[in-house]
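K.L.:
In the working numbering, the protein residues as written are 16 to 124.
For every residue, glycine included, the Cβ atom is placed at its ideal position computed from N, Cα and C.
Shown below is the structure under consideration.
Shown next as structure tokens:
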């Protein structure tokens, strides 16, 4: 197995995890941060832009999984690479977007 295949599965996880909040926010009709907002990643983009961005991310993830290597969901190393990509981008975005939506506020006892 090539390490490039694992890298592809890692980034597929990144793209899937990134697709979810954009697509869901867009479908709910809510604006959300996107790379197309001003300033990028901080300003809000329309729900339509977020649906399109989320869908694009899902398509990229699909292509990375299906056209590079031979992804097998029952192969532990494939799932770990995918899950690690999803986890790392999820933690990053939780910290980044939490500053705009109150997710990083200190907890009161």
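Just how far apart, CA to CA, sit residue 29 and residue 41?
P.N.:
C-alpha separation (whole angstroms): 19 Å.
K.L.:
Taking residue 38 and residue 66 to be in contact with their CB atoms under 8 Å, please state how far apart those CB atoms are, rounded to whole angstroms.
P.N.:
Contact holds; Cβ gap of about 6 Å.
K.L.:
Determine the burial state of residue 18: buried for a count of at least 16 other Cβ atoms within 10 Å of its Cβ, exposed for fewer.
P.N.:
Label assigned to residue 18: exposed.
K.L.:
How many angstroms separate the CA atom of residue 26 from the CA atom of residue 46?
P.N.:
If you take the alpha carbons of residue 26 and residue 46, they lie about 25 Å apart.
K.L.:
List the DSSP bridge partners of residue 60.
P.N.:
Partner(s): 47.
K.L.:
Here's the rule I'm using: 16 or more other beta-carbon atoms within 10 Å means buried, otherwise exposed. How should residue 87 be labelled?
P.N.:
Exposed, by the Cβ-count rule.
K.L.:
Note down the Cα distance separating residue 94 from residue 56, rounded to an integer number of angstroms.
P.N.:
The straight-line gap from Cα to Cα measures roughly 28 Å.
K.L.:
Does the beta-carbon of residue 114 have 16 or more other beta-carbons within 10 angstroms, so that it is buried, or is it exposed?
P.N.:
The residue in question, residue 114, is exposed, as its Cβ has fewer than 16 Cβ neighbours within 10 Å.
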